[in-house]
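Report on the structure given below.
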Amino acid sequence: MITRRQFLQAGTAGGVLLVSGRAGWGGGVDPAAVPKYVTPLAVPPVMPPVSTANGLDHYVIGVRRFRQQILPPGSPATTVWGYGPQRHPRGFQTPGHTIEARVGRPVRVTWVNALMDGDGDYLPHLLPVDPTLHWANPPGGVFGRDSRPRFASTPGRYRGPVPIVTHLHGGRNDQDSDGYPEAWYLPAARNLGEGYARVGSQYAPFGASFAAREGISWEPGSAVFQYTNDQPPSTLWYHDHTLGLTRLNVYAGLAAFYLLRGGSADLPPGVLPGPAPALGDSGRPSYHEIPLAIQDRSFAADGSLFYPGSRTYFDGFAGPYIPGSDMSPIWNPEFFGDTMVVNGRTWPVLAVRPRRFRFRILNGCNTRVLILKIVTNPRATRPAASAVPFWQIGSDGGFLPAPVELAALLVAPAERMDVIVDFTGIPAGTELFLINEGPDGPFQGDGKSPPANPETTGQVMKFTVGSLVGRDISVPPAQLTLPSFVPLGRASTTRKVGLLEHTSSAIPGAGPAATLLGTVPGRKPLMWSDPITENPPVGATETWEIHNFTVDAHPIHIHEVQFQLVGRQPFKGAARGPERGESGYKDTVIAYPGGITTIKARFEHPGLFVWHCHILEHEDNEMMRPYRIGPA
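With the first letter of the sequence shown counted as 1, position 529 gets the number 532 in our numbering; the numbers rise by one all the way through.
So, in structure tokens, the structure goes:
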């Protein structure tokens with residue numbers, strides 16, 4: 004049996020064209036037929052606080068269902084979820100509003116699960132939930148929540164109330180505000196059945212610790228988190244992190260930017276391109292700092308989001324699942340959408356001036372690795388020649404030691420790139436295109452995978468250059484001096500961890516039945532529920548060697564820390580240092596197959612956190628482990 008993974012790895016070789024028009028391999032909308040560059044780029048607005056008293060900014064942010072015009076005008080709108088100001092339900096969108104935060108000034112957020120209809124009844128998930136995974140499992144009740152339930156036969160998709168919990172990705176905060184996967188909560192709906200667990204197993208302990216420290220109790224259907232912002236200015240983002248549901252909740256729309264500014268490690272106003280969006284902006288101001296959330300999606304003919312509802316989509320295995328195999332019936336090991344979306348619009352266009360722009364780029368895809376270039380012809384033979392370089396000035400955790408000029412940006416899921424693009428001197432009327440040369444399948448990093456389809460997923464957005472208005476006072480990137488970079492000290496401990504896959508014992512030739520983390524030596528796979536094996540002391544600086552025994556690259560994210568990449572070494576080959584754009588602090592790193600990726604981190608806040616692969620399908624099926632800083 005040829006698996007979907009093998010087909011995707013073959014890519015466009017041999018004339019195969021990966022578009023959703025192939026029966027059963029995508030939604031009902033053929034991406035090649037979707038008009039490109041007819042929709043202006045949407046820039047996420049700034050989230051309004053409800054209070055700025057007592058030295059902190061307080062937000063009340065809800066999660067709601069709504070319809071958004073993601074496909075071009077004339078196409079059906081898409082039902083999605085998103086974050087927005089809870090008191091202004093008509094102001095929701097995906098990606099959600101950007102939280103603008105200041106270094107040293109705390110942000111408090113009341114996160115509200117408002118996934119209810121107008122009568123107060125809960126709304127089921129938009130997408131197919133696989134209840135056979137180790138997941139939040141609200142129908143299991145208090146004693147069965149946060150578990151892998153047992154079934155005598157293959158169950159259908161779960162259609163009950165949806166749990167959420169929000170993680171500030173890249174933030175360094177107390178454990179009760181991290182968005183721990185078992186700290187989820189259901190909406191305070193009127194029709195919750197008696198058998199449902201209303202909250203996850205860590206919700207009450209974390210709520211109690213928050214109340215003891217801050218004097219605020221969590222109300223049903225919500226949680227209150229506080230972010231200290233005691234870290235350098237950086238491009239963070241927030242997204243859902245519910246156990247076993249992250250891939251679906253994020254795909255449905257639960258993601259947004261959190262931009263941290265100010266402090267001694269920032270640059271004075273005017274040095275970098277600006278302005279950025281600000282609270283209270285009206286009309287369409289001319290922004291020269293713009294966040295870009297790049298995602299891949301697929302759509303059904305009615306405009307709804309398409310996400311596979313059966314394992315058959317991945318490798319053709321149609322069961323029997325339970326009993327008879329060790330395969331989950333709905334979960335897919337990876338998913339690649341066939342349509343590119345930027346800031347919630349398909350293939351948008353941005354009018355720019357011949358001056359410098361700052362773009363904060365997020366790879367918000369579930370699985371897809373992006374290789375971005377700016378070119379003059381979006382359909383040019385790959386690899387295409389770069390027309391305008393990127394000047395990378397920052398990554399996940401803040402500024403790099405110095406600007407780096409790059410023809411292409413390699414961005415894995417959850418990674419962020421802070422870049423300057425200099426359009427100075429480009430004639431008015433010029434059209435430039437942001438393209439993607441990453442593969443339409445699993446990324447291995449060896450350069451052998453065919454690039455994305457240049458007719459669809461190989462294109463991202465268009466820039467149209469206008470005439471210069473005003474004067475650009477920002478500093479040319481080649482002349483920038485970035486804030487001083489302070490590296491970590493010597494590590495006291497080295498830990499060795501592994502990335503593993505569990506292949507089916509029942510179906511030869513099928514794709515993975517689960518993806519796992521583990522310990523080295525021994526390649527010992529560990530489940531989410533196994534005892535903690537990573538337990539750094541408070542204040543310790545440690546080196547972690549990440550051994551990748553799988554055939555794919557994995558973006559590994561460690562909560563609570565910003566780390567330095569020490570380097571990589573193939574199992575058979577010479578060691579090499581970080582790439583030039585990886586020289587700053589990071590919270591997500593690409594671990595290539597067949598080798599060791601070494602990072603160094605300082606663990607400062609005591610508590611319970613997680614580390615995991617940020618391919619969301621992997622994370623949701625055992626490629627995530629708890630770890631603890633300090634004593635149990």
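The C-beta atom is built at its ideal place from N, Cα and C for all residues, glycine as well.
Because the structure is a prediction, the values reported are computed rather than measured.
DSSP state of residue i, grouped into three classes?
| i | result |
| --- | --- |
| S331 | coil |
| S180 | helix |
| V46 | coil |
| E185 | coil |
| D60 | strand |
| H621 | helix |
| A26 | For A26, the predicted structure reports a pLDDT of 31, less than 50, and the residue's modelled location is therefore unreliable. The matter cannot be settled from this model. |
| G610 | strand |
| F146 | helix |
| Q395 | strand |
| Y630 | strand |
| V106 | coil |
| A635 | coil |
| C616 | strand |
| F260 | strand |
| F488 | coil |
| A211 | helix |
| N232 | coil |
| R579 | strand |
| T82 | strand |
| E292 | strand |
Could you check how far apart the C-beta atoms of residue i and residue j are, in whole angstroms? I think they sit under 8 Å.
| i | j | result |
| --- | --- | --- |
| P515 | P336 | 5 Å |
| T518 | H621 | 4 Å |
| A390 | L435 | 6 Å |
| P323 | T157 | 7 Å |
| W114 | L248 | Wrong, their Cβ atoms sit about 15 Å apart, outside the cutoff. |
| Y40 | W350 | 6 Å |
In the DSSP output, which residue or residues are listed as bridge partners for residue i?
| i | result |
| --- | --- |
| L520 | L502 and L529 |
| V424 | F360 |
| D243 | T169 |
| E434 | T467 |
| D299 | M343 |
| P593 | One point to set straight first is that residue 593 is Ile, not Pro, in the sequence displayed. For I593, which the question treats as bridged, DSSP gives the partners P558. |
| R419 | L365 |
| N439 | L375 |
| W350 | Answer is none; W350 lacks a bridge partner. |
| K603 | T546 and Q567 |
| G87 | G65 |
| R250 | None, per the DSSP bridge assignment. |
| F402 | G397 |
Taking 7 Å as the threshold (C-beta atoms), are residue j and residue i in contact?
| i | j | result |
| --- | --- | --- |
| I423 | R363 | no |
| G597 | F574 | yes |
| F393 | L409 | yes |
| V253 | D243 | yes |
| W84 | R70 | no |
| Q205 | E185 | yes |
| R193 | G123 | yes |
| P276 | R160 | no |
Check each candidate in the options and name the one with the smallest Cα separation from residue i.
| i | options | result |
| --- | --- | --- |
| D623 | M530, D590 and V569 | M530 |
| D299 | R153, L353, G444 and A578 | G444 |
| P581 | S54, R571 and E222 | R571 |
| P190 | Q178, Y183, D179 and G203 | G203 |
| T484 | T238, P51, F402 and Q565 | F402 |
| R371 | N176, N346 and D555 | D555 |
| L611 | L59, R583, N176 and G266 | N176 |
| R151 | N140, V463 and G450 | N140 |
| H560 | A417, I476 and G94 | A417 |
| R526 | P98, H550, G273 and F317 | H550 |
| I293 | R631, P47, T42 and L619 | P47 |
| A543 | P164, L491, G266 and D181 | L491 |
| G469 | H505, H562, R356 and S477 | R356 |
| F154 | E222, G576 and D133 | D133 |
| H557 | S508, M627 and P540 | M627 |
| G256 | G312, Y188, V345 and M330 | V345 |
| G397 | A268, C368 and G587 | G587 |
| D533 | H505, P236 and P629 | P629 |
| M330 | I219, S507 and Q96 | S507 |
| L412 | A214, K376 and A455 | K376 |
| Y183 | A431, D149 and G273 | D149 |
| T238 | D399, P311 and V112 | D399 |
| H505 | V489, T553, E537 and P479 | T553 |
When you measure from the CB of residue i to every non-hydrogen atom of the ligand HEM, does any distance come out below 6 Å?
| i | result |
| --- | --- |
| G107 | The model on display carries no ligand, and the ligand HEM is accordingly not part of it. |
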